[in-house]
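There are 4 protein chains.
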Amino acid sequence: MVRVAIIGASGYTGQELIRLLLRHPHVDITALTSRKFDGMSVSEVFPVFSGEMDLRFVPPSTGTVCDTSDVVFSALPHKVAMDMVPEILERGKKVVDLSADFRFNAPEVYEEWYCGHTCSKLLKEAVYGLPELYRDQARNARLVANPGCYPTSIILGLAPLLKNKTIDPQSIVADSKSGVSGAGRTVAMEHLFCEVDQGFKAYKIGQHRHTPEIEQELSLLAGEEVVISFTPHLIPVNRGILSTIYSKAIKDISQSELIAAYTEFYEEERFVRIYPPGLFPNISYVKGTNFCDIGIQFDPRTKRIIVISAIDNLVKGASGQAVQNLNILCGFPEGSGIESLPIFP
Amino acid sequence: MVRVAIIGASGYTGQELIRLLLRHPHVDITALTSRKFDGMSVSEVFPVFSGEMDLRFVPPSTGTVCDTSDVVFSALPHKVAMDMVPEILERGKKVVDLSADFRFNAPEVYEEWYCGHTCSKLLKEAVYGLPELYRDQARNARLVANPGCYPTSIILGLAPLLKNKTIDPQSIVADSKSGVSGAGRTVAMEHLFCEVDQGFKAYKIGQHRHTPEIEQELSLLAGEEVVISFTPHLIPVNRGILSTIYSKAIKDISQSELIAAYTEFYEEERFVRIYPPGLFPNISYVKGTNFCDIGIQFDPRTKRIIVISAIDNLVKGASGQAVQNLNILCGFPEGSGIESLPIFP
Amino acid sequence: MVRVAIIGASGYTGQELIRLLLRHPHVDITALTSRKFDGMSVSEVFPVFSGEMDLRFVPPSTGTVCDTSDVVFSALPHKVAMDMVPEILERGKKVVDLSADFRFNAPEVYEEWYCGHTCSKLLKEAVYGLPELYRDQARNARLVANPGCYPTSIILGLAPLLKNKTIDPQSIVADSKSGVSGAGRTVAMEHLFCEVDQGFKAYKIGQHRHTPEIEQELSLLAGEEVVISFTPHLIPVNRGILSTIYSKAIKDISQSELIAAYTEFYEEERFVRIYPPGLFPNISYVKGTNFCDIGIQFDPRTKRIIVISAIDNLVKGASGQAVQNLNILCGFPEGSGIESLPIFP
Amino acid sequence: MVRVAIIGASGYTGQELIRLLLRHPHVDITALTSRKFDGMSVSEVFPVFSGEMDLRFVPPSTGTVCDTSDVVFSALPHKVAMDMVPEILERGKKVVDLSADFRFNAPEVYEEWYCGHTCSKLLKEAVYGLPELYRDQARNARLVANPGCYPTSIILGLAPLLKNKTIDPQSIVADSKSGVSGAGRTVAMEHLFCEVDQGFKAYKIGQHRHTPEIEQELSLLAGEEVVISFTPHLIPVNRGILSTIYSKAIKDISQSELIAAYTEFYEEERFVRIYPPGLFPNISYVKGTNFCDIGIQFDPRTKRIIVISAIDNLVKGASGQAVQNLNILCGFPEGSGIESLPIFP
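Structure representation (structure tokens):
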């Protein structure tokens, strides 16, 4: 059994980590930190865990966390994460960080879109925790930077096309739609039920912070610098991201060749499901699971390829992928604790 | 008072026509047809109208309809509409048709995407009922072809850009999202509550029948043949369409110039609202109304212009626009009966 | 035209008053107060009113309000209302108050459930603004206390049974369910979209402040002191209250006699709709309207009568009823400005 | 490993059985029957199972089913179930039946509320599959009649009060609210998304078929014949039942004594969670799980006890409880395959 601590455990990603890890066959949760809920029991904060867990939240402290655990999940916001993570690493613990702080190769990109970086030397060491692309590097890592939710859906959706040089990398338009839990549990008027329900809107058009993270990985796949249009939208559902991704084909390709290329690319992947021709993902088909479902359509009228990818933003887009990274770090079977099937309806 | 009949009145667009016309200051509803609900009273079929109306549905018959009315709304499905409309016109009535049957200038386009056309000579005469573009032609028309819901949102969203030659017309990607009432009241498993709620999906990718209708009007605006990518999606809400429309700018233009151009283009329009910089539409801001709300963003990184347009698919996207066309046909103030404000939340 | 001011206009009931009054044929809105949004324009705070209104919010001040208006709606919270209303009355204005401050006949009841009362002498004068019961008194009132949302649905649901002495008044159980807008626009974690959607719960069981208001009016109808069980619940919808009300019949009565008694009791009422046998209300059949829909079932197995009543909590349960009271106060036709039909779906 | 067949596997309870059994450590699913989807693969019918299962649906046939399995789940509708179950038992298989056909002790009650019974001799043998009350009898049963969803929530909610003679059994009012999946996957206009969303209604008032099932078990607990008022309602969510249950206390009892009595009654129960004073269940706290959550409030003003119980109608209210019964029948740990925690949000 590996002993695991979660720092910043009082948001939705923290809660989702608890849900998954409580049923993980090789994990003991030993500490949960929260400044806000310090001293309260888990089931007071999250009644869903009534009768399942005795732990109380403690204030964030490197000492407490490191004394009790082997691996630490950080679900802190960006900027706060980089204040705590270096010390935890120094004390010999492994870290899976769910913030943006260690996702970038170039500190100047982080600084342009986020804020100043106080331990940029760790950027070189940190592994971008998308197992489908970086599994081998993650195996021996000390620090895994868990990808953002939108980036996970878009990068997995485009990787085969870019790797195979099927499309013009400069023609990419990614139109993404997310459930509301992507905004976290922070209390804001715009996320009140009445403001969201029966609504649908775009937000941060051309300006969302996940843009450079997506572009970094697409550029590496394409072998050239890629700039994309990325527009996030808010769907009135709790969970799920669906990305509709447009790009121009640069060679003649048939629908079935496309699907065959995806199937081959993800052949060994437990959590990527490629849909047969004419079938397309729905966020309700991945709810509660670590799957990324992908459907592909070639449009001969416009020579555009349209890729649809769907994930649960709290699982494959956050906590589930973090557990997948834990499994890789610790040598557990990669699906441990994240094998459950979609809750539908 | 003008006497109005509605044929095919038992679906959601029929119901919405009844809702609007019952409060229209210059209209009497004189006949409602429905094969399915023949003989039943309106309030049995639509309990929302309890105590408001005595009419009973009658079977569709040109005679009954023409004997009692001056203007006829047809809310029949495509193909069925073109079987009844010609005779109604011959009997001297004016018709606002909500199907696709009279929207196309070229019969061969209709026949490619729909089915054979049995009265294609009427296509020349029919006016495409988008008042913002064809108001003058509609004033003296006998037959108005009420636009589709997706086309209304996309054409109004792009008209200023194409008219002003601001964009490359071949670069358009229209990613649209619709509430479920767009699918009508037809009983199908895929529209059961449990199949839709908490879900989100794309459908008919690259193949939706509104594509040629949109392309016809964009081509006329651009002065060249335009081919677009159009992807509809299903949002788990009752009403509303939001279209996110991408295109490449072909000249240098600032955000404020763009908004000024839209404001000028729609200056006289009662039902188009242009948003100030940084604000964007939400389908919940137009619910129950005839408004088309438009927000515009220029992205200097990609030179793409992103237009967001929002309508209520049952009002501006169908029945409200049909009433607007009635008002134009009859010389009533254009907002008669469709002035109500959004229901929010 | 009567000039109307709204104080405390930045919540959902304030917004709903604006929506209704902007289309009221005999009203000009002359002032809107909000401490929070002081100086902002209405359409910045409520984008739904874009292009419809130029007013800016001003801070609450008796002077400003009284100088510009003939009638004042107060949408302030309880306790705050009673600080401003007396002065407005002294300056000769009429007031429709939407808080609980003037709904009680006995100050001690208010003080037990709310807080100390600072102008209890006004309680005698204030008219409880349920037009179906107190229309005559309201005609010449200076101060109308607009009823609570739950009380409106329950009192209208039970009035015929109590007035006709059909039931044991001590046997009443009122199980009510409300949409989330009943909680107002106040920002609280428990009303975040993700906390509410896909959920359903009871709250304030046996302790909700509307209990004594309901009991006051039921006692007057019954001619004896009535104590009830009242349990509110939260439905994941924006609008609507449905109350399921159980009571024991004390005499033999048939289903059709019951419905006839209701129909007779509400014969002259524009906004109460009695359903035929076997049909029952749905909150979606009253959405956006001032209707109270009522269905009745007698259960011979238990000798209980089950009444179902449905209203839109923001219209008949708040702002629509307030406009109805304005119409009565000013001698306008009672339906002015509140005649619109349900938005369905 | 026990080999399990599911007959009538194409509805929501069938699908939920598949979801749970695919991850059950001691079960192999060997046959799935469906007349409607005969020959289709599971993942065509339920895309959520893509990549998880190869089985194809076969037509319902006792032979096929019995040849391949040790235990049979029947998810057939009532009446259809009793045509197949007897033969399966004769062939030596054990059966967990999810219909109403074997839930009643008295055939005449079944016949009054449902239809004629063709194998009423099995009623004596069948065990009512509510493990919290009938675990011992189920251990050696051949035929377990899995309880209805509403009955599960109401019987578990009231058992301690009736067993301890705390309440007047004739004073019970059960006001229940269910998500839409309770209606199954049958295609009907009233369950279309647009008819349900933003709505809330009561249905089958005083006439729902679960009434006699509830009364049978409450009568056994009370030791006298109990007649109740039971009103089901439809919540616009996918899953969950919350019952608000009113009854008159017949002795003085404090809130804390009440909660202590419940805690003691359910002390050994893995799947019943009693809430501390002041906290109450929410259907979103049990989503996807086999829990029944219970909160209790004593109202000194009315001497009524209000019990709130919440379950997931597809899990503890159907398929999860069926798996719990399988575990009991087969001697597996009772939580096998149904241990997962709530998906929230």
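Line by line, the protein sequences give chains A, B, C and D. First residue of the first sequence? That's 1 in the numbering used here, and the numbers climb one at a time after it. First residue of the second sequence? That's 346 in the numbering used here, and the numbers climb one at a time after it. First residue of the third sequence? That's 691 in the numbering used here, and the numbers climb one at a time after it. First residue of the fourth sequence? That's 1036 in the numbering used here, and the numbers climb one at a time after it. Note that beta-carbon positions come from the ideal geometry of N, C-alpha and C, so glycine has one too.
Should residue i and residue j be called a contact, given that it needs their Cβ atoms to be closer than 8 Å?
i, j, result
"G288/A", "I343/A", "yes"
"Y479/B", "R448/B", "no"
"S1030/C", "S685/B", "yes"
"K867/C", "I925/C", "yes"
"F1084/D", "A1044/D", "no"
"Q360/B", "F391/B", "yes"
"V349/B", "I374/B", "yes"
"I964/C", "I935/C", "no"
"S919/C", "D1334/D", "yes"
"Q906/C", "N795/C", "yes"
"G148/A", "A202/A", "no"
"V109/A", "I88/A", "no"
"N282/A", "G544/B", "yes"
"I250/A", "I296/A", "no"
How many angstroms separate the CA atom of residue i from the CA atom of residue j?
i, j, result
"Y1047/D", "C539/B", "10 Å"
"R436/B", "T511/B", "46 Å"
"I18/A", "R239/A", "17 Å"
"E801/C", "H807/C", "6 Å"
"K549/B", "T576/B", "7 Å"
"I352/B", "G278/A", "35 Å"
"L1349/D", "S1109/D", "15 Å"
"S681/B", "E397/B", "19 Å"
"I1340/D", "L1090/D", "50 Å"
"K784/C", "N836/C", "13 Å"
"D1102/D", "V272/A", "36 Å"
"R346/A", "G568/B", "Because chain A spans 1 through 345 in this model, residue 346/A falls outside it and cannot be assessed."
"F265/A", "E257/A", "12 Å"
Give a single yes or no on whether residue i has its beta carbon closer than 7 Å to a heavy atom of the ligand ZN.
i, result
"M346/B", "The ligand ZN is not part of this structure, which contains no ligands at all."
Flag residue i as yes if its beta-carbon sits less than 8 Å from any beta-carbon of chain D, otherwise no.
i, result
"Y150/A", "no"
"N509/B", "no"
"Y1065/C", "What the structure shows of chain C is the stretch from 691 to 1035, and residue 1065/C is not part of that stretch, so it cannot be assessed."
"E108/A", "no"
"E339/A", "yes"
List the whole-angstrom C-beta distance separating residue i from residue j, where the pair is believed to meet the contact cut-off of C-beta under 8 Å.
i, j, result
"P850/C", "Y952/C", "5 Å"
"N290/A", "G320/A", "4 Å"
"S933/C", "G847/C", "6 Å"
"S1104/D", "A1161/D", "Contact doesn't hold; Cβ gap of about 19 Å is too wide."
Counting contacts by CB-CB distance shorter than 8 Å, is residue i in contact with chain B?
i, result
"Y1320/D", "no"
"R304/A", "yes"
Chain A beta carbons: is any one of them nearer than 8 Å to that of residue i?
i, result
"M730/C", "no"
"G662/B", "no"
"T1058/D", "According to the sequence provided, residue 1058/D is Arg. The question's Thr does not apply to it. True, the Cβ-Cβ gap to chain A drops below 8 Å."
"S574/B", "yes"
Check the Cβ-Cβ distances between residue i and every residue of chain C, and say whether any is below 8 Å.
i, result
"I688/B", "yes"
_chain A contacts made by the stretch 537–556 of chain B, where a contact means CB separation under 9 Å_ = L537, F538, C539, E540, V541, D542, Q543, G544, F545, K546, A547, Y548, I550, G551, Q552 and T556
*Residues in the stretch 274–299 of chain A having any Cβ partner in chain B nearer than 9 Å*: F280, P281, N282, I283, S284, Y285, K287, G295, Q297, F298 and D299
*Pull out every residue of the stretch 722–750 of chain C whose Cβ sits closer than 8 Å to any Cβ of chain B, in chain order.*
F736, P737, V738, F739, S740, G741 and E742
_chain B contacts made by the stretch 860–885 of chain C, where a contact means CB separation under 7 Å_ = S871
*Taking any Cβ of chain B, which residues in the stretch 125–140 of chain A have a Cβ under 7 Å from it, in chain order?*
none
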